[in-house]
Amino acid sequence: MSTDSFFQEMEFHINGDVRKKCNLRSVLFSSCGNVIFENISEVHNFVFNFNSLVKEGLFGEGQAHLKAGELNAMGILDEVLHYVLRLYRQNIDADFFVKGYEFIEEEFKNKSLHSLDFLLKEFCKDFPPKDVYTDKLSLDEWFESNDGSSNVPNKVLAFEEFILLCLANRNPANAQFEVLFNNSNLKTIDSYGIFWDTVKRWSKKNRPIGRRLGKEQSGLDILSFLEEPMNRCPDSILGQLNYVKENWSRFTQNILLKVLGAEDLIREEDKAGWAPPQGGSFDVPVYTFENLLKEYEAFTPDKNWMPNLVLIAKSTLVWLDQLSKKYSAPITRLDQIPDEELKFFADSGITGLWLIGVWQRSEASRRIKEICGNPDAAASAYSIYDYDIAEELGGWPALTNLRERAWKFGIRMAADMVPNHTGLDSKWIMEEPNLFLQTRDKPFPSYSYDGENLSRDERTSVYLENGYYSKTDCAVVFKRVDNYSGDVRYIYHGNDGTGLPWNDTAQIDFLNSEAREKVIQKILHVARNFPIIRFDAAMVLAKKHIRRLWYPAPGSGGDIASRSRYALSIEEFERRIPKEFWREVVDRCAKEAPDTLLLAEAFWMMEGYFVRTLGMHRVYNSAFMNMLKKEENAKYRETIKNTLEFDPEVLRRYVNFMNNPDEETAIAQFGDGDKYFGVCTMMSAMPGLPMFGHGQLEGFTEKYGMEYRRSYKDEAVNSGLLERHKKGIFPLLKKRYIFSGVEKFRLFDFWNEGSVNENVFVWSNFFNGERSLIFYNNAYERASGWIQLSAAFAVKNAQNEKELRQENLMDSLNLNSGEDYFTVFYEQRSSLFFLRKNSELAEKGFFAALDGYQCQVFLNINEIKDDEGYYRELYQKADGRGFKDIEFEINKCKYGGLYNTIQDLCAKDLFPQISDYCGTYKKEAIEDVSEKIEDISKKLYPRLLNFFTTFEEVFFETFHYDEEKESLKTIKEKNKMRTLCFKNSIDCFLYLCSNEPSLIDENIKDESLKTQERLFINALKTLVFDTRENVLLYMASLLLSALFKFFPKEKIKLCRFDLAFAELLCSFGLPEVNSKSTLFLLSRLFCLPETEKNFFENSGSSKDCVKDFMDFCVHDEVIKNYLGLNEWNGEIWFNKESTERLILVNILFKLVWEERPEDSLFKCNILSLNFYAGIYSDMTKMFSAAEYKLKNIIDFSSEKA
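Mapping of the sequence shown onto the UniProt record's numbering: residues 1 to 1201, in sequence order.
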């Protein structure tokens, strides 16, 4: 048989004493030719046994525990060195060991030392070869025989192994393995002391390694070459392997995979186990898109409802418990969720309800939490038994009920899916275990499974590894036993490689095509029942992460313990999963469930890939929450800019949120003040789907775990926070159509003295004629500056090539820059209108000053061509300040003369006189009311006559008529008539204010009618005359009604005198809001044609009068809102108090303008008083019996379309 030393079998030698103590009967590492064999399972078993003996003290004090990864790396390095020696013999010096053996033997003989044969036999006693420790051959027999593969004498093999033992003992990085290479017996042999120096001399005598192996180190002898990794990285085995990989790769390609695998195993071991959570939040990098430049573009088109979707999340079990407390009734099923909750969402602008935890959950998950000390816990919402609605929530019928009711409010239902894994006792685990990642043997010998069987299915037992209960280990697999066949499998837990495995889950094998298809079928099943699906941890199912986590490329493993053993070549991996799983899901849903919005929770810089290439409709934007919370404003602005420059469509498809179910609450992260509302404004008014967390609107601070059945904090709704949402956020949500698009979205730099303030976010948008411009300062410091030119954004030209453009503010808002153009900006938070001149905006830009965390939201941005010059006049007066009502301010410019006449009358005479009367009337009894009223009338008459005369003159100067102007005499007579008529109405008004008993007692004999009229008069007095403020308000209303009565209604309506009166009343101490709303409402009634407002004259009975009036109210939007008319549960409801008040006020003005006999002692028409008192009496009875339902007052069956 010929000799071929290249194929000689070499073993990794371990001290025989250690081998015996650890009961090691196999070879851990060996090599033959260019192949290295490693027995990973035996390495783990050996390390486990060794470390157990260390605990028992069998290796003495101070002996450290071994790590399998380090031992494996050291063994691989040993075999690499053997391989290099093979190459040297094959290519440089075939007789290196044979002649070297003779050289050293001669050297020992000359020095009268023990022979090399003796030294090597002693070495083989301490480090026995396999045939010896397995008792196949005696030591002498083995020593005198040849290797079966290469026919090389075994003593020459021992010589090579002895050289590498010496090299291993000289390697500082092997200090932890000293016990394995214990050479204490060998040190007693005289020839051992000079062996290394002698063999080194022999190496230097021989031919150097040459350029084929050494390149720049070509002059080194072979043993010096083998020492290079140790010399370069003396303290790290991993470093030495890395040196081999980087410097010897040209001639170690055949064994490079083993080197890479050794690195992976070390990385696996270096991952934390039961480590305490690290402080602080995850550092999100700025989004960049270089990785997508070579990827194809395949956005999935939105359905028409998708761009403006607003989501709110609810942890279902917790929410139902909270609703039970709120409504003081058990609410445990989906069909019991009150419509009031759905209406609240709809009124808030929320159009999607994401229910977390509606699926049938894993019982094993619940039991694990119970065993670990939480008997109140449910199973995790993400440990799923099967995708059926849980029976405790009412099952599928309850969902159908909720879904149909929600849709009546325009709300779509959303659900979670976790395609990556199931519960560890899921239906598939019981019935189709081949769908899961598994192994037949425990990946680590330390794993133990003698705890409780967590399965309730008699067919199968499921065991969690013991270390989870004691928190001493976090095994990557659980044990499944088929109770009928005895089949045992170890199935991997779900895992994203960033922390502990999810110990109540089972990982599906996505290289299994059958498993992929079954998951897709489940997704389609969910899509047929929920129009919105959120995929939890979607990024782990991208091909690159399936590979990274479960089938790593050699050298890139280490994220999940033991999976580096399952490394696959790129060719094999692509063969087994040729297409992205998510792309297949998206394409199948587009075909089979096309009205479904697919939303991916994806991180790890995959956001753009998920929407642009994989085709998801929406993807999580974690940068929004993390960067804005930490005020990394420059980073987030750069993220937006990068997205705009790559493809603005990606920005539109982000999901922006202030907390995620597994994050701290929005209030905990952002507070409940200006910063919260600034960031919430960004979420609500930027492109990207806004998503609110459970309890966010209410200001709850508790983070609800996925296993919570209830909240543990008894938190009340933060009413102030909720009101700020209603005022500042909900109006934005209802206008999502303005903000959701990216075609006209522009981001601006905020410039101050030549530099950009990165803390200030400024953006504009434009949709279908509606404009928005929003500023937010996400910092404590005050900021001021200008905006003019937008950040760059990408557009595609006719050739579908990308171009970068910028746009000035005027083009962004679609404004003209001519001298005659002005723009009105309504600022939502301050409720002020600001007027800007377009030509100055074009030249200088827009200036803003913001306090810390202040937000300015400009909506209702309207451009005006100032043909008449009123806007220029107001702009010059304003000097940049805002106005509460821009229309009123323009009216002041237009109708200032008319306003001045009203102010002159009211401020100097009318209001003071009425105030004085109210004061006297309240403080002391007036003996003769009629006399007092007559006294006031005499004082007011000349002023009223002067008012109507002046008002008429200014009125006809303001509004030019075509007809010939009346004669001076006719005008004077007309004004006298107006003055007298108005004076009489004032008399009646004041008379009704009084407690004059004769009004009733002397005119009505029937006692029952007296009671009816007293009730009516008292109701009027309570409503109108109980306070000075109310008397002034309705006196102003009386003058307003006179203007509508005496002058053309349409012209009076244009003048908006209700606002002028409201401003005047404010100066007399009346609340602005109440004055404005009352006067505006009455203006609406006063300007109606007489034929439309004779509700109380044209009907037969008083009940018919009330019906006619209510029928009118239903068809007038202004009055309808005032009365609080709303539809709920198929009924139209009204506010009884508001309706009674409006009817009383209407009767009041009917009564005061009624004609009466000139010689009447009383200031009102007694017959009319009787009639209206009857109407009021019937009205109160009707309203009490109506139970706030409009149908009980109006017969809608006769209503015309």
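Idealized CB from N, CA, C, for every residue including glycine.
| query | result |
| --- | --- |
| What is the rounded straight-line gap between the Cα of Ala414 and the Cα of Trp354? | 4 Å |
| Below 8 Å on the Cβ atoms is my guess for Leu1082 versus Leu1040; work out the distance and round it to an integer in Å. | 7 Å |
| By alpha-carbon positions, which one of Leu1142, Ser149, Gly210 and Gly349 ends up nearest to Leu732? | Gly349 |
| Strictly by DSSP, which residues pair up with Asp386? | Gln360 |
| Measuring only the C-alpha atoms, how far is Gly280 from Ser1067? | For Gly280, the predicted structure reports a pLDDT of 44, less than 50, and the residue's modelled location is therefore unreliable. A value from the coordinates is still provided. Those two C-alpha atoms are separated by around 55 Å. |
| I'd like the span of the beta strand (DSSP E) that includes Asp482, first residue to last. | Val477 to Asp482 |
| Determine, using beta carbons only, whether Ala329 and Leu424 come nearer to each other than 8 Å. | no |
| Out of curiosity, what's the CA-to-CA distance linking Ala275 and Leu500? | Summary for Ala275: the model assigns pLDDT 48, below 50, so the residue's position carries little reliability, and this model does not support an answer. |
| Taking one C-beta from the stretch 946–957 and one from the stretch 896–907 each time, how about it: are there three or more such pairs within less than 8 Å? | yes |
| Mind checking which residues open and close the beta strand (DSSP E) that includes Ala600? | Leu597 to Ala600 |
| Taking the continuous beta strand (DSSP E) assigned at Leu454, which residues delimit it? | From DSSP, Leu454 is part of no beta strand (DSSP E); its letter is neither H nor E. |
| From Pro375, Ser324 and Lys522, pick the residue whose C-alpha is nearest to that of Val418; which is it? | Lys522 |
| Please confirm if the stretch 845–864 is in contact with the stretch 676–685, defined as three or more CB-CB distances below 8 Å between the two stretches. | yes |
| Counting only runs of 3+ residues fully inside the stretch 762–817, write out the beta strand (DSSP E) ranges in chain order. | 770–777, 783–787, 793–796 and 802–805 |
| In the structure shown, what three-state DSSP assignment does Ala168 receive? | helix |
| Going straight from the alpha carbon of Phe1124 to that of Gly1130, what length do you get? | At residue 1124 the sequence reads Gly, which differs from the Phe that was named. About 16 Å. |
| From the DSSP output, read off the bridge partner residues of Met230. | Its beta-bridge partners do not exist; DSSP assigns none. |
| Leaving out the 5 sequence neighbours to the left and right, which residues in its chain are closer than 8 Å to Leu81 when beta-carbon positions are compared? | Leu164, Leu167 and Leu226 |
| Quick one: Cα of Arg565 to Cα of Tyr484, how far? | 31 Å |
| Evaluate contact between the stretch 603–618 and the stretch 286–298, counting only Cβ atoms and requiring at least three cross-stretch pairs below 8 Å. | yes |
| Just how far apart, CA to CA, sit Trp407 and Leu1023? | 42 Å |
| Of all the options Met682, His617 and Arg588, which has the alpha carbon lying nearest to the alpha carbon of residue 1202? | Residue 1202 falls outside the range modelled here, since the chain spans only 1 to 1201, and no answer is possible. |
| Per the contact definition of three or more C-beta pairs closer than 8 Å, is the stretch 97–117 in contact with the stretch 212–224? | no |
| Could you name the residues of the same chain whose beta carbon sits closer than 6 Å to that of Ile1119, not counting the 5 residues immediately before and after it, in chain order? | Cys1113 |
| For the alpha helix (DSSP H) containing Phe883, list its first residue and its last residue. | From DSSP, Phe883 is part of no alpha helix (DSSP H); its letter is neither H nor E. |
| Give the DSSP bridge partners of Gln438, in chain order. | Ile491 |
| Rounding to the nearest angstrom, what Cα-Cα distance links Met539 and Leu511 in this structure? | 16 Å |
| Taking the alpha carbon of Lys543 as the point to measure from, which residue in Ala527, Ala173 and Glu580 has its own alpha carbon closest? | Glu580 |
| Taking all protein chains shown into account, do 16 or more other C-beta atoms lie within 10 angstroms of the C-beta of Tyr654, making it buried, or fewer, making it exposed? | buried |
| Taking buried to mean at least 16 other C-beta atoms within 10 Å of its own C-beta, is Trp1128 buried or exposed? | exposed |
| Excluding the 5 residues preceding and the 5 following Gln696 in the sequence, name in chain order all residues of the same chain whose CB lies nearer than 6 Å to its CB. | Ala666 |
| Closer than 8 Å, CB to CB, is Glu268 near chain D or not? | The structure shown contains no chain D, having only a single protein chain. |
| How long is the line joining the alpha carbons of Val795 and Leu773, rounded to whole angstroms? | 21 Å |
| Taking Trp502 as the reference, give the member of Arg480, Pro229, Val519 and Val476 with the closest Cα. | Val476 |
| With which residues is Leu311 paired in a DSSP beta bridge? | Gly352 and Met691 |
| According to DSSP, simplified to helix, strand and coil, what is Pro912? | helix |
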